[in-house]
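A.B. asks: Numbering (my numbering), first residue to last: 3 to 108. We put the CB at the ideal spot given by N, CA and C, even for glycine.
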Amino acid sequence: MKSEEEQVLHLLGLARMSKSLVYGTNDTLTAIQGQKAKVAFFPKDGGVSQQKKFRDKTSFYQVTLVEDFTKDELSQAIGLNRSIMAITNNGFAKKIKQLLEEKERN
Numbered sequence: 003m004k005s006e007e008e009q010v011l012h013l014l015g016l017a018r019m020s021k022s023l024v025y026g027t028n029d030t031l032t033a034i035q036g037q038k039a040k041v042a043f044f045p046k047d048g049g050v051s052q053q054k055k056f057r058d059k060t061s062f063y064q065v066t067l068v069e070d071f072t073k074d075e076l077s078q079a080i081g082l083n084r085s086i087m088a089i090t091n092n093g094f095a096k097k098i099k100q101l102l103e104e105k106e107r108n
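1) Using a Cβ-Cβ cut-off of 8 Å (strictly less than) and excluding sequence neighbours within five positions of residue 35, which residues of its own chain qualify?
2) Specify, as a first and last residue, the run of the beta strand (DSSP E) that residue 87 falls within.
3) Look at the alpha carbon of residue 20 and the alpha carbon of residue 98, and state the distance between them as a whole number of angstroms.
4) Is the CB-CB distance between residue 94 and residue 68 below 9 Å?
5) Rounding to the nearest angstrom, what Cα-Cα distance links residue 51 and residue 57 in this structure?
6) By the three-class DSSP mapping on this structure, what secondary structure does residue 42 have?
7) Among the candidates 12, 87, 5, whose CA atom is the shortest distance from the CA of residue 40?
8) Using DSSP with H/G/I as helix, E/B as strand and the rest coil, what is residue 16?
9) Determine the direct distance from the alpha carbon of residue 48 to that of residue 4, and round the result to whole angstroms.
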């Protein structure tokens, strides 16, 4: 059985294939501000000033921010060299939030 983290990364790949994922700093910020983003991802090894910007934006627009993964893990999950991204599909977002809650409980 896959861990919750592995399942989240797998869902990111599926979200990309179904065009339910935006990635890159500008596109992700635009999705957050346009209230299209349901869950945003920022790498735990990302830059401090960028991290603050994303924490502030996601907090203001009430978007869940996930900082559990490294740049490499996020890039590998979607098959692109991108580590800042957001899910725009409610179904994917709901499942990812559920998995992260399970991870917190365990």
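C.D. replies: Concretely, from the data shown:
1) 59, 63
2) 87 to 89
3) 15 Å
4) no
5) 10 Å
6) strand
7) 87
8) helix
9) 26 Å
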